[in-house]
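Here the structure is laid out as structure tokens; the discussion comes afterwards.
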Amino acid sequence: MSDIIKQKIWEIIASRASASEAEWLQQKVSSTPIELMTAFVAAPRFLSKKIINTTEAEKAALNLEIPGFSVEGWSLVRLSRVWLLTQLDPSVKEEYVKNIETLFDTAEMNELVALYSALPLLSYPDQWLFRATDAVRSNMGFVFDAIALHNPYPEKYFSELAWNQLVLKTIFNDKPVHLIEGLENRSNERLAVTLSDFAHERWAAGRSVPAQVWRLTGKYLNPTLLNDIQHLFDSEKEEDRQAAALACGEASLPAANYLLAKYTDLEKSVKSGALTWADLEH
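Numbers 9 to 290, taken from my numbering, label the letters of the sequence shown in order.
The following block contains the structure:
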């Protein structure tokens, strides 16, 4: 982790915190690990829970250092806790890991949210893989969101199996799948087939499937998946038909191109760029 990202985070904090809040945090810069860990836990007693809305310049600065990293919508407490973690000295791996693990083991929900949010910034990233994949199984919604949404750690370190589980749970919980960092980069054929099975189960139960699901299938369309796409074209929902068209537009399968050509208006919108997956993001 670079000193630049720590400085960028501090600048965001300092511009939102009161003088007393900033002073309290600055007192921790040269603290011992125990003092930093204590401050991590005690932060809500000294800091407000105001929500942080970052400027475009701040977003760009963070993304330049760690692509996909965002603090938009975090509370001041959450961001400050992450900043406090960046003050831990990582030079002695055993001690550093022990301190972070202690925080994980004793954390309440909001502390867990901060810890998982900090994963892209922590040293020894492979060390936290078990913790991260375990968070995907969490029944605490805020904890799951912290690892699944706007967090670049899973894209970089999850296995294909763990990645697919994250995406599937996001969809199953009706959360916005497009907020998963690296969604297109980590798409894979196994996930596309599993999503088809998921859709069939939903349809059999008389339930709908979010249109965003199909953005993960276009590159992997085969005759079986193409039947699903036809089902979408036959839907009464405009979003389903748009998703079908977009999936076909990304396919290399000739039959998908022929199918899309049957729906001239949608084909025109896809090929001109007037219709994109962003139009289906909610």
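Backbone N, C-alpha and C define an ideal beta-carbon position, used for all residues, glycine too.
Is it right to say residue i is buried, meaning 16 or more other beta carbons lie within 10 angstroms of its own, or is it exposed?
i: TYR266; result: exposed
i: ASN128; result: In the sequence as presented, Asn is not what sits at residue 128; that position holds Pro. Label assigned to PRO128: buried.
i: VAL85; result: buried
i: VAL100; result: exposed
i: PRO218; result: buried
i: LEU111; result: buried
i: GLU66; result: buried
i: GLU109; result: exposed
i: ALA264; result: buried
i: GLU102; result: exposed
Take residue i as the anchor and find which of the options has the nearest alpha-carbon.
i: LYS270; options: ALA253, PHE180, GLY281, ALA282; result: ALA253
i: GLU192; options: GLU163, LEU123, SER99, ALA264; result: GLU163
i: ASP153; options: PRO41, LEU137, TYR124, GLN173; result: TYR124
i: LEU203; options: VAL49, GLU31, GLN220, THR114; result: GLN220
i: PHE166; options: GLU189, VAL151, MET148; result: GLU189
i: SER146; options: LEU70, GLU116, ASP236, THR232; result: GLU116
i: LEU93; options: GLU80, SER83, GLU119; result: GLU119
i: VAL121; options: GLY149, SER23, LEU72, ILE237; result: GLY149
i: GLY42; options: ILE237, ASP97, ILE12; result: In the sequence as displayed, the identity of residue 42 is Ile instead of Gly. Comparing Cα-Cα distances from ILE42 to each of ILE237, ASP97, ILE12, the minimum goes to ASP97.
i: GLU64; options: VAL49, GLU80, SER88; result: GLU80
i: THR62; options: LYS16, LEU187, SER39; result: LYS16
i: LEU157; options: LEU187, GLU73, ILE60; result: LEU187
i: ALA22; options: PHE77, SER88, SER39; result: SER88
i: PRO262; options: LEU234, ASP242, LEU288, SER243; result: LEU234
i: GLU168; options: ILE20, ARG194, THR232, VAL151; result: ARG194
i: VAL179; options: ALA143, SER216, TYR161; result: The sequence shown places Ile at residue 179, rather than the Val named in the question. Among ALA143, SER216, TYR161, the Cα nearest to that of ILE179 is on SER216.
i: GLU246; options: LEU283, GLU109, ALA264, SER260; result: LEU283
i: ILE20; options: ILE60, GLU109, VAL151, ASP287; result: ILE60
i: ILE74; options: ALA170, TYR161, SER39; result: TYR161
i: ASN71; options: ALA264, ALA259, LYS14; result: LYS14
i: LYS58; options: VAL151, TRP82, SER243, SER39; result: TRP82
i: SER39; options: GLU289, SER28, GLU258, GLN95; result: GLN95
i: TRP91; options: SER10, VAL144, SER28, VAL151; result: SER10
i: SER243; options: THR232, GLU258, GLY214; result: GLY214
Just the Cα atoms here: how many angstroms apart are residue i and residue j?
i: SER131; j: LYS36; result: 19 Å
i: TRP18; j: LYS106; result: 25 Å
i: ALA68; j: HIS208; result: 40 Å
i: ASP182; j: SER277; result: 27 Å
i: ALA126; j: ALA140; result: 11 Å
i: LEU268; j: CYS256; result: 6 Å
i: TRP285; j: ARG223; result: 7 Å
i: TRP211; j: ASN172; result: 21 Å
i: LEU240; j: THR272; result: 16 Å
i: ASP205; j: ASP248; result: 17 Å
i: ALA25; j: ALA47; result: 16 Å
i: LEU44; j: ILE12; result: 20 Å
i: PRO184; j: VAL175; result: 10 Å
i: GLN34; j: PHE77; result: 23 Å
i: ILE237; j: ALA251; result: 8 Å
i: LEU274; j: SER280; result: 10 Å
i: ASP142; j: ASN159; result: 15 Å
i: GLU31; j: ASP113; result: 29 Å
i: LYS177; j: TYR104; result: 31 Å
i: ASP287; j: SER260; result: 22 Å
i: VAL49; j: GLU289; result: 36 Å
i: ILE155; j: VAL144; result: 7 Å
i: VAL151; j: SER28; result: 29 Å
Which residues share a DSSP beta bridge with residue i?
i: ILE20; result: BP columns for ILE20 are empty, so no partner.
i: ILE237; result: According to DSSP, ILE237 bridges with nothing at all.
i: SER7; result: Only positions 9 to 290 of the chain appear in this structure, which leaves residue 7 out of reach.
i: ILE59; result: SER83
Can you tell me whether residue i sits near the ligand ZN, meaning its C-beta is under 7 Å from at least one heavy atom of the ligand?
i: ASP134; result: Among the components modelled here there is no ligand, and therefore nothing to report on the ligand ZN.
Check your understanding: Using 8 Å as the threshold, is the stretch 133-146 in touch with the stretch 45-59, meaning 3 or more CB pairs across them?
Key -> Touching, no.
Review point. Do the stretch 194-201 and the stretch 221-239 meet, that is, are 3 or more Cβ pairs less than 8 Å apart?
Key: yes
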